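Colleague:
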Amino acid sequence: MTGRQPSAAAQAALDRLRGRALPKNHDARTISALAANPGCARRALMDAAGVDKQRVAAQAGFPAPFGQSRFAIVRGNAFEAQVKENGAAQLLILLREVLGLDVSEVGYADFNDVGGNSSAEVRHRHTRHVLTAPDQPGRTLLDHPLLRLRVGGRPAYLEPDLIALRLDGTFHVIEIKSFAVIDGQADPGKVAAAAIQSAVYVRALRDLVAEAGRDPAAVSHQTILVAPRDFSSQPTAASLDVRRQLGVLDRQLSRIASIEDLLAQYPGTLTFDLDPDPQGRPRRPAAELTAAIGQVAANYAPECLATCELCFLCRDEAAGTTGALGKPVREDLGGIEYIAQARGLARGQLPAPEQAEIAAQLLRAAQLREQVLGEAV
Amino acid sequence: MTLLTAFARVEAAAAGRARLIRTVRHVHLGRRPLVVIPLQLAGEACAPLAVLLGDDPDKPRLLTVYEPRDRARRFEFAADLAEVILGHLDGYLPVDDASDDDAGDAGQDTGFSHDRAPAPEPLPDAPQLLVPNPNAAAFLRLLGRSTRLRRTDGEYAVRPTVPLLGRWLTHYAERAEVPGSVLLLPMTTALAEHWATGQSDLEDANLAALLGWIDPAEGLTGQQAARLAEDPVRCPPAGPVTDPTFDNEVLEGRMQAIRDASQSSDAPALARAQAAMDAALHGQLAPTWELMWRAHALLAALPEAAHAERRWKDDRRSFTAQAAWLREGGAPQPRRDSAVAAAKRLARLEREQQRLAVERAHDDPLVMAEYRLTGEAFAGTVVDADLTRVDTEGKKAKLRPWLIVRTTDAVIVEPGAVLTCPDYPSQAAKVIHVTTASDNGDNDNHDDHEDRDNDNDPVGTLVTLELSGGMGRALAAPPGTTPGLADVVTYTTLRDDFQPAPQFPSREETPWTHGGPPIEYVPTDDDAQEPWS
Chain A
1 MTGRQPSAAA QAALDRLRGR ALPKNHDART ISALAANPGC ARRALMDAAG
51 VDKQRVAAQA GFPAPFGQSR FAIVRGNAFE AQVKENGAAQ LLILLREVLG
101 LDVSEVGYAD FNDVGGNSSA EVRHRHTRHV LTAPDQPGRT LLDHPLLRLR
151 VGGRPAYLEP DLIALRLDGT FHVIEIKSFA VIDGQADPGK VAAAAIQSAV
201 YVRALRDLVA EAGRDPAAVS HQTILVAPRD FSSQPTAASL DVRRQLGVLD
251 RQLSRIASIE DLLAQYPGTL TFDLDPDPQG RPRRPAAELT AAIGQVAANY
301 APECLATCEL CFLCRDEAAG TTGALGKPVR EDLGGIEYIA QARGLARGQL
351 PAPEQAEIAA QLLRAAQLRE QVLGEAV
Chain B
1 MTLLTAFARV EAAAAGRARL IRTVRHVHLG RRPLVVIPLQ LAGEACAPLA
51 VLLGDDPDKP RLLTVYEPRD RARRFEFAAD LAEVILGHLD GYLPVDDASD
101 DDAGDAGQDT GFSHDRAPAP EPLPDAPQLL VPNPNAAAFL RLLGRSTRLR
151 RTDGEYAVRP TVPLLGRWLT HYAERAEVPG SVLLLPMTTA LAEHWATGQS
201 DLEDANLAAL LGWIDPAEGL TGQQAARLAE DPVRCPPAGP VTDPTFDNEV
251 LEGRMQAIRD ASQSSDAPAL ARAQAAMDAA LHGQLAPTWE LMWRAHALLA
301 ALPEAAHAER RWKDDRRSFT AQAAWLREGG APQPRRDSAV AAAKRLARLE
351 REQQRLAVER AHDDPLVMAE YRLTGEAFAG TVVDADLTRV DTEGKKAKLR
401 PWLIVRTTDA VIVEPGAVLT CPDYPSQAAK VIHVTTASDN GDNDNHDDHE
451 DRDNDNDPVG TLVTLELSGG MGRALAAPPG TTPGLADVVT YTTLRDDFQP
501 APQFPSREET PWTHGGPPIE YVPTDDDAQE PWS
């Protein structure tokens, strides 16, 4: 399913959408963000084409609100290094508890480079070779193997923190995170994000195993989350079941794979090219770029503010819709799409037949507010 | 969310200004609340970076941790914070400790007045903590968790005030989970309960943006004000997480300067570097300090709801009980509740939630309007009343007045349902009939043409109610104990009575399915020496 590739014509169309910019490669974070808003054509198209949404948003006048503190990056790296220290000695003890790894199964393979060569292609080939070799020489933990997942026809290289291999041939993806698990509890939002990222690795690893003619079920849907315990830097491990996340991810990846249908809806002249000058500085006028972006419908929801680089642009565009106020508001308003329409109905405007019920409710809501607050509507 | 609130949001978005969704303030505000704005270092589980706090808008106090990744510095900070917070709390505790014996057997998990056990009379006032948002409250909880189990002697000894602060912070954080409690109040929660903005809930989590909609600066719409508030340079985040750009471009350099100065033992340079870091953090915190007091003033301008005082009394009671527990040398809160304690706590939280919903509706016609919209309540005028009606069917004659209320609300209650009126909370009203009213009252009008007109424009519903209770023992209701003719009344299915609390086993009788009787919690060396790095 994920191996399906867009036709040459579709690939050319995607290249034109991206323009002269280099394709932005996906990583586990961006792929998992795809699953956050599967109904968004704008995001699906831009991601399939590898458009650098951050730069496009900035050029259109809506720079993304994201940044990462160096303190957080340093802490994350230090924790990962500590967990992997001495052949991941601390981790092995935890894995024996969580996975029931036998003590004899201790081996550690570093995939960060291959004989000093750290090119993605070489590392991936080496990973594939080792993971699909008929006999596995005592390698229990695989450090930073390089997997590949095709997203919209282009390969995305993915680097799980660790993969554990058990004696029975089962693989488990291990994700090392630096958020704390305090008295057995962690931030649910962060755990959810880790689960979907782990699912991306499981998907890629299953593809790799399947391509080698082996059973993809050898890659377990039980992934391992390793995080600091309480207020210390001592690791603790927990098992995460990512079956649901895999389902969401597969649906979204197949949507991107069938990108031709989406492409067919837009004129061949559409492009998000930034018209860079010889130094690479974008010159395309913001209004023109915004108009191009506007040709592809977005599906803005306030949740996008945490996941998508284009969020401020889409939010601006969604002004006047009830969806911009949040899904619960839109649902309470019976799915009415525009603020002006809801207000019209509340003031006695004649409703369409399917809106009769919500119109009566709105009229009543307006009367009640007026009655209680003396606020003329 | 409800339709009425959704509609208010739509109106706010169109008007460019937040809309009130409450007519009264459902949160009690303390006489002299302590505003606490914590910041933490990004990436760490619970590394305090700074806190700006105080009970006087003109005198905020800044506490800074110059090296948040150093365990010793964190405990020094905790001791400094304890001095300010415990100093504030002391102002509310009784001066003489002679009244120990009336504190009873109050445990840590107290503060629920409707346990029928005789509760000690609460202290007349309690210190209220105001924080910008729920994340700040969660941070204080973690700070409490990381300090309350520390030892004051032996290895890794900390100052005695540190575990005491931890236990108070834990108490405040746990109390904050009780619906309606305001001992530890996140400002965004309080504001969003009273105003609907023209943006989403997620965007309302930003205190500056939320206030932008409620009280935009001169010449700005709510939306414009909220957009400006999202710029971290103009309006630093209210914490506890700092702006990543500030971390990378300012904070990292300031911390490095402090490290350099202390390594070279250059005292004047160190003092300068520390002053520079203080200044940078003050710059991040001061705007939120202003917002907190502005928000406080906006809330204070709303009249307080009738039941807010009842809930505040519960808060005072919980504060009183915790103070007594500490005075008696009770153990700190365990890492995790036992099975029985957790089940009891959950049952209490559910009851408080239900009780809060009823109290709000009774106190606030705009909340009641939400129930009127869904048919769980109706408001109307008493068009007929037989206040001396006596039911003689039983052995003993009983006073059972009848009222007929005319309402234009949608009525879905059926005969036999028992309703209450917020103005007469101890009186039950049983529904006898529900009929559609025509223009001439309940008389049928046989004039075809006019009748059809009336059908198209019904003038409401007539509900006949039978009253019982709250009228004394005599066979005539004393004046003022029932609604009278032409009164405007509201009747609702929401009732302020509760199922008795389920029976839970004692902790010694915890069933094996829940792990059996728990071992008495005694803080261990492990707890005391737990790393905080």
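First to last, the protein sequences are chains A and B. First residue of the first sequence? That's 1 in the numbering used here, and the numbers climb one at a time after it. First residue of the second sequence? That's 1 in the numbering used here, and the numbers climb one at a time after it. Cβ atoms here follow ideal geometry from the backbone N, Cα and C, with glycine treated the same way. Given the structure is predicted, the values throughout are model-derived calculations rather than measurements.
Going by DSSP in three states, His-433 of chain B sits in which element: helix, strand or coil?
Modeller: Residue 433 of chain B sits at position 433 when you count from the first residue of the second sequence. Looking at His-433 of chain B - three-state DSSP - the assignment turns out to be strand.
Colleague: For Met-1 of chain A and chain B, any beta-carbon pair shorter than 8 Å?
Modeller: Residue 1 of chain A sits at position 1 when you count from the first residue of the first sequence. In this prediction, Met-1 of chain A scores a pLDDT of 42, lower than 50, which makes its location untrustworthy; no coordinate-derived value is stated.
Colleague: Label Gln-333 of chain B either buried or exposed according to how many other C-beta atoms from any shown protein chain fall within 10 Å of its C-beta, with 16 as the threshold for buried.
Modeller: Your numbering for residue 333 of chain B matches position 333 in the second sequence. Classification of Gln-333 of chain B: buried, given that the 10 Å Cβ count is 16 or more.
Colleague: Could you pull out every residue in the same chain whose Cβ sits closer than 8 Å to the Cβ of Asp-487 of chain B, ignoring the five residues on either side in sequence?
Modeller: Looking up residue 487 of chain B in the second sequence gives position 487. Contacts found: Thr-381, Val-382.
Colleague: Alpha helix (DSSP H) containing Asp-314 of chain B: first to last residue?
Modeller: Against the second sequence, residue 314 of chain B aligns to sequence position 314. First-last of the alpha helix (DSSP H) with Asp-314 of chain B: 308–327.
Colleague: Can you tell me which of the three DSSP states Ser-262 of chain B falls into?
Modeller: The residue given as residue 262 of chain B occupies position 262 in the second sequence. In this structure, Ser-262 of chain B counts as helix in the three-state DSSP scheme.
Colleague: What are the boundary residues of the alpha helix (DSSP H) that includes Leu-270 of chain B?
Modeller: As a first step, residue 270 of chain B must be located in the second sequence, where it is residue number 270. Looking at the DSSP string, the run of the alpha helix (DSSP H) that includes Leu-270 of chain B is 267–300.
Colleague: Assuming Met-277 of chain B contacts Thr-64 of chain B (C-beta within less than 8 Å), just tell me the rounded distance between them.
Modeller: Sequence index remark: in the second sequence, residue 277 of chain B carries index 277 (1-based). Sequence index remark: in the second sequence, residue 64 of chain B carries index 64 (1-based). Met-277 of chain B to Thr-64 of chain B, Cβ: 6 Å. Contact.
Colleague: Whose CA, out of A:Val-226, A:Leu-333, A:Pro-267, A:Ala-58, lies closest to the CA of Val-83 of chain A?
Modeller: Your numbering for residue 83 of chain A matches position 83 in the first sequence. Of the candidates A:Val-226, A:Leu-333, A:Pro-267, A:Ala-58, the one whose C-alpha sits nearest the C-alpha of Val-83 of chain A is A:Val-226.
Colleague: Rounded to the nearest angstrom, what separates Leu-183 of chain B and Ala-295 of chain B at their Cα positions?
Modeller: On the second sequence, position 183 is the one that residue 183 of chain B refers to. On the second sequence, position 295 is the one that residue 295 of chain B refers to. Leu-183 of chain B and Ala-295 of chain B: Cα-Cα distance of roughly 17 Å.
Colleague: Which residues of chain A have a Cβ atom closer than 8 Å to the Cβ of Glu-252 of chain B, listed in chain order?
Modeller: For this step, residue 252 of chain B is matched to residue 252 along the second sequence. Within 8 Å Cβ-Cβ: Arg-70, Phe-71.
Colleague: Are at least three pairs of beta-carbons, each pair with one atom in the segment 471–485 of chain B and one in the segment 394–414 of chain B, less than 8 Å apart?
Modeller: Verdict: yes, contact present.
Colleague: How would you list, in chain order, the residues of chain A whose beta-carbon sits under 7 Å from the beta-carbon of Cys-46 of chain B?
Modeller: Against the second sequence, residue 46 of chain B aligns to sequence position 46. Residues of chain A passing the Cβ test: Phe-231.
Colleague: Taking DSSP as the reference, what is the three-state secondary structure of Asp-27 of chain A?
Modeller: Reading the first sequence from its first residue, position 27 is the one you call residue 27 of chain A. Three-state DSSP puts Asp-27 of chain A in coil, outside helix and strand.
Colleague: Return the Cβ separation of Ser-178 of chain A and Phe-79 of chain A in integer angstroms, given the expectation that the two are a contact with Cβ distance under 8 Å.
Modeller: The sequence position of residue 178 of chain A within the first sequence is 178, counting from 1. The sequence position of residue 79 of chain A within the first sequence is 79, counting from 1. About 4 Å; that satisfies the 8 Å criterion.
Colleague: Please confirm whether Thr-161 of chain B and Arg-145 of chain B have their CB atoms less than 8 Å apart.
Modeller: If you number the second sequence from 1, residue 161 of chain B lands on position 161. If you number the second sequence from 1, residue 145 of chain B lands on position 145. No, they are not a contact pair.
Colleague: Among B:Leu-467, B:Arg-335, B:Glu-393, B:Ala-385, which has the Cα closest to the Cα of Pro-425 of chain B?
Modeller: Within the second sequence, residue 425 of chain B is the residue found at index 425, counting from 1. The shortest Cα separation from Pro-425 of chain B among B:Leu-467, B:Arg-335, B:Glu-393, B:Ala-385 belongs to B:Leu-467.
Colleague: Between B:Leu-49, B:Ala-342, B:Leu-291, which has its C-alpha nearest Glu-252 of chain B's C-alpha?
Modeller: For the purposes of this step, residue 252 of chain B is identified with residue 252 of the second sequence, where counting begins at 1. Considering only alpha carbons, the answer is B:Leu-49.
Colleague: Against chain A, does Ser-338 of chain B count as a neighbour if the rule is that its beta carbon must be under 8 Å from one of theirs?
Modeller: Along the second sequence, read from residue 1 onward, the residue named residue 338 of chain B stands at position 338. No, Ser-338 of chain B lies away from the interface with chain A (no Cβ there is under 8 Å from its Cβ).
Colleague: Shorter than 8 Å from the beta carbon of Pro-328 of chain A to some beta carbon of chain B?
Modeller: Taking the first sequence and counting its residues from 1, the one referred to as residue 328 of chain A is at position 328. Closer than 8 Å to some Cβ of chain B, the Cβ of Pro-328 of chain A qualifies, so yes.
Colleague: Span of the beta strand (DSSP E) holding Cys-421 of chain B?
Modeller: Taking the second sequence and counting its residues from 1, the one referred to as residue 421 of chain B is at position 421. Its beta strand (DSSP E) spans residues 418–421.
Colleague: Specify the secondary structure class of Gly-380 of chain B as computed by DSSP and reduced to three states.
Modeller: Working through the second sequence from its first residue, we reach residue 380 of chain B at position 380. Three-state result, Gly-380 of chain B: strand.
Colleague: Note down, in chain order, each residue of its chain lying with its Cβ closer than 7 Å to the Cβ of Gln-197 of chain A, except the 5 sequence neighbours on either side.
Modeller: As a working note, residue 197 of chain A is residue 197 in the first sequence. Counting only Cβ-Cβ distances below 7 Å, and skipping sequence neighbours, we find Ala-28, Arg-29, Ser-32, Glu-175.
Colleague: Unbroken beta strand (DSSP E) runs of length 3 or more, entirely within the segment 163–225 of chain B: which are they?
Modeller: As far as the segment 163–225 of chain B is concerned, its whole beta strand (DSSP E) runs of at least 3 residues are 184–186.
Colleague: Go ahead and label Pro-285 of chain A buried or exposed: buried means 16 or more other beta carbons lie within 10 angstroms of its beta carbon, across all protein chains shown.
Modeller: Here residue 285 of chain A corresponds to residue number 285 of the first sequence, with the count starting at 1. The residue in question, Pro-285 of chain A, is exposed, as its Cβ has fewer than 16 Cβ neighbours within 10 Å.
Colleague: Given Val-27 of chain B, which residues of its chain have a CB within under 6 Å of its CB, disregarding the five upstream and five downstream residues?
Modeller: By 1-based counting over the second sequence, the position of residue 27 of chain B is 27. Only Val-182, Ala-190 meet the Cβ criterion.
Colleague: Give the single residue among B:Phe-77, B:Arg-74, B:Pro-124 whose Cα lies nearest to the Cα of Gly-91 of chain B.
Modeller: Numbered from 1 along the second sequence, position 91 holds the residue referred to as residue 91 of chain B. If we check each option's Cα against that of Gly-91 of chain B, B:Pro-124 comes out closest.
Colleague: State the start and end residues of the unbroken beta strand (DSSP E) segment that holds Ile-224 of chain A.
Modeller: The residue you call residue 224 of chain A lines up with position 224 of the first sequence. Unbroken beta strand (DSSP E) run through Ile-224 of chain A: 222–228.
Colleague: For Pro-302 of chain A, which residues in chain B fall below 9 Å Cβ to Cβ?
Modeller: Indexing the first sequence from 1 puts residue 302 of chain A at position 302. Neighbours of Pro-302 of chain A on chain B, chain order: Gln-199, Ser-200, Asp-201, Leu-202, Glu-203.
Colleague: Have a look at Pro-240 of chain B and Val-51 of chain B and give me their C-alpha separation to the nearest angstrom.
Modeller: Residue 240 of chain B sits at position 240 when you count from the first residue of the second sequence. Residue 51 of chain B sits at position 51 when you count from the first residue of the second sequence. Answer to the nearest angstrom: the Cα atoms are 9 Å apart.
Colleague: Can you check DSSP and say which residues form a bridge with Thr-461 of chain B?
Modeller: Against the second sequence, residue 461 of chain B aligns to sequence position 461. Thr-461 of chain B is bridged to B:Thr-407, B:Thr-436.
Colleague: Counting only beta-carbon atoms, is Leu-29 of chain B nearer than 8 Å to chain A?
Modeller: In the second sequence, the residue the question calls residue 29 of chain B occupies position 29. Taking Cβ atoms only, chain A never reaches closer than 8 Å to Leu-29 of chain B, which makes this a no.
Colleague: Which residue's Cα is closest to the Cα of Asn-135 of chain B: B:Tyr-491, B:Ala-8, B:Val-36?
Modeller: For the purposes of this step, residue 135 of chain B is taken as the residue at position 135 of the second sequence. Checking every option, the nearest Cα to that of Asn-135 of chain B belongs to B:Val-36.
Colleague: Thinking C-alpha only, which one of B:Cys-421, B:Asp-409, B:Leu-419, B:Lys-430 is nearest Ala-437 of chain B?
Modeller: The count along the second sequence starts at 1 and reaches residue 437 of chain B at position 437. Minimum Cα distance to Ala-437 of chain B is reached at B:Asp-409.
Colleague: Give a yes or no on whether 8 Å exceeds the smallest Cβ distance from Leu-412 of chain A to chain B.
Modeller: Coverage of chain A is limited to positions 1 through 377, which leaves residue 412 of chain A absent and any answer about it impossible.
Colleague: Tell me whether Lys-344 of chain B is buried or exposed, calling it buried when 16 or more other Cβ atoms sit within 10 Å of its Cβ.
Modeller: Counting from 1 along the second sequence, the entry for residue 344 of chain B is found at position 344. Buried, since its Cβ has 16 or more Cβ neighbours within 10 Å.
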